[in-house]
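Student: The sequence shown: position 288 = 362 (this note's numbering), numbered continuously. All C-beta atoms, glycine included, are put in the ideal place defined by N, C-alpha and C.
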Amino acid sequence: MRIVVGGASGMIGRALVRRLRARGDRVVVLVRREPTGVDEIAWDPATGHLDPAALAGADAVVNLSGESISKLPWTAARRTAILSSRVQATTAIVGAVHARADADEPVPVLVSGSAVGVYGDRPGERLTEAVGPGGGFLAGVVRAWEAAAREAPEPTRVVLARTGLVIGPEGATAPLRTLARLGLAGPLGGGRQHWPWISLHDEVAALVHAIDREEVRGPVNLVGPEPATADRVARAVAADAHRPYWLPAPGFAISLALGDAGRDLLLADQLVVPGVLAASGFAFRHETVEEAVAAGHSAGSHPPRT
């Protein structure tokens, strides 16, 4: 297959490109600089520029572009970047998909990045793909992000990959590992809130599954099969680092220090389940958060190749 990937420089993107190439796919990555090889194509999502020729002959397009939400604090400028980077990149790709359709060369599938942040804080609810969006800053970002992807024309199959906390050598769990190594790990905001998680291996495998399986379309929760609380996730990280787990961070202190970022990223209660993945026969390698943390630690001992 010929697969075009935007956002290939991040942890998930690099791992996805390696996985696709390892199985024999030809992967072309979109870069925001001068290309250095035949497997790179320049684009400028900020201005909406993506030559539709970049998607010629593409069997699938995967869009993972977007500013990191883990860079704190969420200043006004950071909020704007978080939203605009996602919407602009998606709009540029969808525009090129429209151009291919107009040329009678439609792109078969668009897998567009999304996030479980769309559900907001939902204590006591079991969150499947059929549940509507919640409130909060991230929920608003994801609604706009997904709306841009839904503008893709027929017959392109659109998958909205609602990703949870990806447990790998980098990314959102890195601060937890740092706290654990310093001996400062402990419950965050009480720790009873559910954190939707997924191992890096299964995140990438789920994206490949979404590319390959015709029945997978619309919102897809990319989360592990066994729900875990924030306490269980952070405790697993501390145990993996062989460090104590004892120092609590009260919810009011997290909200005071981090504002919406603390409430959306650390305190939101989201019991998200992978309904579509399960129904389509996806097999998880890491079924518990403890397995995912151990795998992420192992992967971190071997720096990813760029």
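Just mark residue 176 as buried or exposed, buried being the case when its beta carbon has 16 or more other beta carbons within 10 Å.
Tutor: By the neighbour-count rule (16 or more Cβ atoms within 10 Å), residue 176 is not buried but exposed.
Student: Is it true that the stretch 248–263 meets the stretch 352–359, where meeting means three or more beta-carbon pairs spaced less than 8 angstroms apart?
Tutor: With the cut-off at 8 angstroms, the stretch 248–263 and the stretch 352–359 do not touch.
Student: Ends of the alpha helix (DSSP H) at residue 39?
Tutor: Here the chain comprises residues numbered 75 to 380, so residue 39 is not present and cannot be evaluated.
Student: Using the three-state DSSP reduction, which class does residue 165 fall into: helix, strand or coil?
Tutor: Note: residue 165 maps to helix in three-state DSSP.
Student: Counting C-beta neighbours from all protein chains within 10 Å, is the total for residue 309 16 or more, i.e. buried, or is it exposed?
Tutor: With 16 or more Cβ atoms within 10 Å of its Cβ, residue 309 is classed as buried.
Student: How close, in whole Å, do the beta carbons of residue 256 and residue 311 come, if the pair is a contact with beta carbons under 8 angstroms?
Tutor: At roughly 12 angstroms, the Cβ-Cβ gap does not stay under 8 angstroms, so residue 256 and residue 311 are not in contact.
Student: Enumerate, from N- to C-terminal direction, the unbroken beta strand (DSSP E) stretches of 3 or more residues contained entirely within the stretch 87–128.
Tutor: Within the stretch 87–128, the complete beta strand (DSSP E) runs of at least 3 residues are 100–105 and 114–116.
Student: Given this structure, state the Cα-to-Cα distance separating residue 168 from residue 318, to the nearest angstrom.
Tutor: Distance between the alpha carbons of residue 168 and residue 318 is about 48 angstroms.
Student: Check residue 360 in the structure and name its three-state DSSP category.
Tutor: Three-state result, residue 360: coil.
Student: Return the chain-ordered list of same chain residues with a C-beta closer than 8 angstroms to the C-beta of residue 223, the five sequence neighbours on each side being excluded.
Tutor: These residues qualify, in order along the chain: 137, 164, 168, 184, 186, 188, 232 and 234.
Student: With DSSP as the reference, identify every bridge partner of residue 273, one or two as the case may be.
Tutor: Bridge partners of residue 273: 241.
Student: Hey, is the stretch 264–281 in contact with the stretch 238–248, meaning 3+ C-beta pairs nearer than 8 angstroms?
Tutor: Contact between the stretch 264–281 and the stretch 238–248 is present, because at least three Cβ pairs lie under 8 angstroms.
Student: Just to confirm the assignment, what range does the alpha helix (DSSP H) spanning residue 351 have?
Tutor: It spans 349–353 - the alpha helix (DSSP H) in which residue 351 sits, taken as one unbroken run.
Student: Answer with buried or exposed for residue 104, where buried requires no fewer than 16 other C-beta atoms within 10 angstroms of its C-beta.
Tutor: The residue is buried, with at least 16 neighbouring Cβ atoms inside 10 Å.
Student: When burial is assigned at 16 or more other CB atoms within 10 Å of the CB, is residue 330 buried or exposed?
Tutor: The residue is exposed, with fewer than 16 neighbouring Cβ atoms inside 10 Å.
Student: Provide the residue(s) that pair with residue 189 in DSSP beta bridges, ordered along the chain.
Tutor: Per DSSP, 237.
Student: Report yes if the CB atom of residue 194 is closer than 9 angstroms to the CB atom of residue 207, and no otherwise.
Tutor: Result yes, Cβ atoms of residue 194 and residue 207 sit closer than 9 angstroms.
Student: Mapping the DSSP letters down to three states, classify residue 27 as helix, strand or coil.
Tutor: Because residue 27 is not part of the residues shown, which for the chain are 75 to 380, the question remains open.
Student: Nearest to residue 300 by CA position, among 287, 154, 325 and 349, is which residue?
Tutor: Selected option, being the one with the closest Cα: 349.
Student: Whole alpha helix (DSSP H) runs in the stretch 257–342 with 4 or more residues, listed along the chain?
Tutor: Counting only runs of 4 or more, we get 274–286, 304–314 and 325–332.
Student: Compare the C-alpha of residue 341 against each of 279, 86, 215 and 267 and name the closest.
Tutor: Among 279, 86, 215 and 267, the Cα nearest to that of residue 341 is on 267.
Student: Which two residues bound the contiguous beta strand (DSSP E) that contains residue 76?
Tutor: Start and end: 76–80.
Student: Using only alpha-carbon positions, find the residue among 321, 217, 280 and 219 that is nearest to residue 265.
Tutor: Comparing Cα-Cα distances from residue 265 to each of 321, 217, 280 and 219, the minimum goes to 321.
Student: Under a three-way DSSP split, which group does residue 196 fall into?
Tutor: In this structure, residue 196 counts as coil in the three-state DSSP scheme.
Student: Let me know the secondary structure DSSP gives residue 224 once reduced to three states.
Tutor: In this structure, residue 224 counts as coil in the three-state DSSP scheme.
Student: Could you name the residues of the same chain whose beta carbon sits closer than 8 angstroms to that of residue 123, not counting the 5 residues immediately before and after it, in chain order?
Tutor: Closer than 8 angstroms at Cβ, skipping near neighbours: 117 and 166.
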